[in-house]
Amino acid sequence: MINVVNWLHMTTCDTYMIGEVLGYLRQRFPETCRHWFEEIECVGNESGVVRFFVQEDVQLKYLNRCCVSEFTEAANKVFGDGVSIEFTNERALDSSLGDVGPRETTLGGFTQSGFEDDMLLSQNHTFDNFVVGPDNRLAHAASIAVAKKPAQAYNPFFIHGGVGLGKTHLLQAICRHSMEMHPSMRIYYTSCNGFMTQFLDAVQEGQLSSFRHRFRSYDLLVIDDIHDLSKRETSQEEFFHTFNSLYQAGRQIVLSSDAPPNEIPDLEERLISRFNCGLVANIDRPCYETRVAILKSKAKLRMIDLPDDVSSYIAAKIDTNIREMEGAITKLQGLSLVNDSPINLSLAKKAIGQRIVSQGVTQMSIQGIIETITTYYDLKLADLLSKRRNKSIALPRQIGMYLARKHTRFSLEEIGGYFGGRDHTTVMHAVRTIDSKRGEDSSLDKDLLRLEESLVGRDFVASNP
Ligand code: ADP
Ligand code: MG
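What follows is the structure, encoded as structure tokens:
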């Protein structure tokens, strides 16, 4: 009897209903929607709980992390007030309902057996979604070669480039593609910080040998942002041995960094030479044509209609970081919703105009940054540029170098020159320090926002007398 009732409820949860839910989400929460939402199935509507089924762990994690209230609102509109929702990657166990029973989690049709549980790969980071241009062609081609023939093409394979230029995207695409080509391979992707945390936990818990056993058993080990090893002596030592052991056993190692091996500050010489012994490929800032192509591809993934003049406008305005371009699309989507207007050039001007990465800011001068910093922190110019290392001077100095790197076109060497003749590794260290502190320290973040705002104002006044 219960089954019959359930079955009746189940019939009210069909492709039409899920279509309604998705339609509502796209209208109300476009920035939350992903192209794979099309694959979501509704597998039950029992006792006021609507169950949505996805195949992959990453999808499930995304839904649970970012979409619970959005789906609840949509389900209440479509199924009636008071329903709650549940995301699952297991089908209902009751075979009398015609379901197939628990399923193995799959990755594009491949079992995820070679993946570790804690490994999160973004759905969108595939080779198919990666736009190739002159600035990333070598890194892209070599990534494909490595994914096809691990440990035969280039080993180690080292990608370096600035923030938001596609390193993580390529690393994750290598993992996915390798998994499809070689389903039985043991693959692990983690950030360098992930590696170090696991190492330090293992040391603390007396589990070092199982940590070593695990890391030395992978066929493909991919470590993102390896520059974070800088200054971490014990972790460098451990990584050196992991590297050697994998390398000697003919396993593939893939690494990414924001600088080439010999420019990573405080990295042991023996690691530098290991990193340099395979292929080192650079990703540069994308040229205008690549930026336009990337914008179009991102819009398509989000099912947005981006007119040509809008993509040209954004590509002309934002030229340093692809993540920033994605941010602009999100902002446009939001504005289009709030103003109930289609995405067009005037809306784009409004969206980009409000962003700090506007034309004016890219032209910010280092002199302006230095003056703003000394005023804001009430410092003497001579102190800011001196060798003094008191925190009250060193922090503003690091902030200045960070802002200069972020908002001007000057090289690390040039910025070092302006800030009292420091070398490029000091600048790089400052940029990283402030970048990571900014994420953790909200008062620092506020200071930075204020500084950035006053720099924008200053620049605006200067260029519009
Ligand atoms: P990085 O690791 O170098 O800081 P990411 O790989 O995280 O940068 O890239 C930032 C964003 O830009 C991601 O959403 C990524 O998908 C996108 N992206 C970067 N390069 C490309 C590209 N060539 N084609 C499509 N998307 C790209
Ligand atoms: Mg990255």
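For the working numbering, add 920 to where a residue sits in the sequence shown, where the first one is 1.
Positions of the beta carbon are idealized from the N, C-alpha and C atoms, including for glycine.
Since we're looking at a predicted model, the values are computed, not measured.
In this structure, how does DSSP classify residue 971 when only helix, strand and coil are distinguished? Reduced to three states, the DSSP call for residue 971 is strand.
Residue 870 versus residue 969 - alpha carbon distance: Outside the displayed span of the chain (921 to 1385) sits residue 870, for which this structure offers no information.
Measuring from the CB of residue 1139, is there a heavy atom of the ligand MG at a distance below 7 Å? Look at residue 1139: its beta carbon is at least 7 Å from all of the heavy atoms in the ligand MG.
Taking the straight line between their C-alpha atoms, what separation do you get for residue 1177 and residue 1195? Straight-line Cα distance between these residues: approximately 11 Å.
Should residue 1089 be listed as close to the ligand ADP, given that the test is whether its C-beta is under 7 Å from any heavy atom? Within the cutoff, so yes.
Kindly indicate which three-state DSSP category residue 1007 falls into: helix, strand or coil? Correct three-state label for residue 1007: strand.
Comparing alpha-carbon positions, which option in 936, 980, 1006 lies nearest residue 956? Of all alpha-carbon atoms in 936, 980, 1006, the one lying nearest the alpha-carbon of residue 956 is that of 980.
Just the C-alpha distance for residue 1188 and residue 1158, rounded to the nearest angstrom, thanks. Taken atom to atom, the span from the alpha-carbon of residue 1188 to that of residue 1158 is near 12 Å.
Where does residue 1051 sit, in a helix, a strand or coil, going by DSSP? Residue state, collapsed to three classes: coil.
When the distance is taken between beta carbons, is residue 1324 closer than 8 Å to residue 1286? With respect to residue 1324, residue 1286 sits close: the two C-beta atoms are nearer than 8 Å.
Does the count of Cβ pairs from the region 1163–1175 and the region 1072–1082 closer than 8 Å reach three? In this structure the region 1163–1175 lies against the region 1072–1082, because at least three pairs of beta carbons, one per stretch, are closer than 8 Å.
Exposed or buried, what is residue 1155 when buried is set at 16 or more other beta-carbons lying within 10 Å of its beta-carbon? It counts as buried.
Just list the alpha helix (DSSP H) runs in the region 1210–1288, keeping only unbroken ones of 4 residues or longer that don't cross its boundaries, in chain order. Fully enclosed alpha helix (DSSP H) runs of 4 or longer: 1228–1237, 1242–1258, 1265–1273, 1279–1282.
Check each candidate in 1333, 1044, 1067, 1316 and name the one with the smallest Cα separation from residue 976. Out of 1333, 1044, 1067, 1316, the CA that lies nearest to the CA of residue 976 is found in 1044.
When the Cβ atoms of the region 1129–1149 are set against those of the region 1045–1055, are three or more pairs found closer than 8 Å? Result no; under three Cβ-Cβ pairs closer than 8 Å.
4-residue-minimum alpha helix (DSSP H) runs that sit fully inside the region 1138–1178, ordered along the chain: For the region 1138–1178, the continuous alpha helix (DSSP H) assignments of 4+ residues that do not extend past its boundaries occur at 1153–1168, in sequence order.
When the Cβ atoms of the region 1059–1067 are set against those of the region 1083–1100, are three or more pairs found closer than 8 Å? The region 1059–1067, when compared against the region 1083–1100, does touch it at the 8 Å Cβ threshold.
Own chain partners of residue 1374 with C-beta closer than 8 Å, once the 5 adjacent residues on each side are dropped: Contacts found: 1292, 1296.
Please report the straight-line C-alpha distance between residue 999 and residue 1257, rounded to a whole angstrom. Within the model, the alpha-carbon separation for residue 999 versus residue 1257 is close to 24 Å.
Under 7 Å from any heavy atom of the ligand ADP, does the C-beta of residue 1164 make it? Every heavy atom of the ligand ADP is 7 Å or more from the Cβ of residue 1164, so no.
Closer than 7 Å by C-beta to residue 1229: which residues in its own chain qualify, once you throw out the five before and the five after it? Chain order, please. Hits under 7 Å: 1265.
Would you list the one or two residues that DSSP bridges to residue 1111? In the DSSP assignment, residue 1111 forms a beta bridge with 1144.
Proximity test, residue 1204 beta-carbon vs the ligand MG heavy atom, cut-off 7 Å: For the ligand MG, not one heavy atom lies less than 7 Å from the Cβ of residue 1204.
Paired residues, beta bridge with residue 966 - DSSP: Answer by DSSP bridge pairing, in chain order: 969.
Whole angstroms is fine: what's the gap from residue 1225's alpha carbon to residue 1263's? Cα atoms of residue 1225 and residue 1263: separation of roughly 8 Å, rounded to the nearest angstrom.
Determine the DSSP secondary structure at residue 936, reduced to helix, strand or coil. Note: residue 936 maps to helix in three-state DSSP.
Are three or more beta carbon pairs between the region 1052–1060 and the region 1210–1224 nearer than 8 Å? The region 1052–1060 is in contact with the region 1210–1224.
Option nearest residue 1273 by Cα separation, candidates 1191, 1128, 1183, 1255: Of the listed residues, the one whose Cα sits closest to residue 1273 is 1255.
Determine whether the beta carbon atoms of residue 1067 and residue 1098 lie at a separation below 8 Å. Yes, the Cβ-Cβ distance between residue 1067 and residue 1098 is below 8 Å.
So, at 7 Å on beta carbons, what are the nonlocal neighbours of residue 1240 in its own chain, with the 5 sequence-adjacent residues on each side left out? The residues are 1205.
Could you tell me the alpha carbon to alpha carbon distance between residue 962 and residue 1197, rounded to whole angstroms? Distance between the alpha carbons of residue 962 and residue 1197 is about 51 Å.
Is residue 1359 near the ligand ADP, judged by its Cβ being under 7 Å from some heavy atom? A distance criterion of 7 Å places the beta-carbon of residue 1359 beyond contact range of the ligand ADP, judged by its closest non-hydrogen atom.
Indicate the three-state DSSP secondary structure (helix, strand or coil) for residue 960 in the structure shown. Reduced to three states, the DSSP call for residue 960 is coil.
What are the residues that DSSP puts in a beta bridge with residue 1387? Nothing can be reported for residue 1387, as the shown portion of the chain is limited to 921 through 1385.
If I measure Cβ to Cβ from residue 942 and keep anything under 7 Å in the same chain, skipping five residues before and after, which residues do I get? By the criterion of a C-beta distance shorter than 7 Å, residue 942 is surrounded in its chain by 957, once the five residues flanking it on both sides are discounted.
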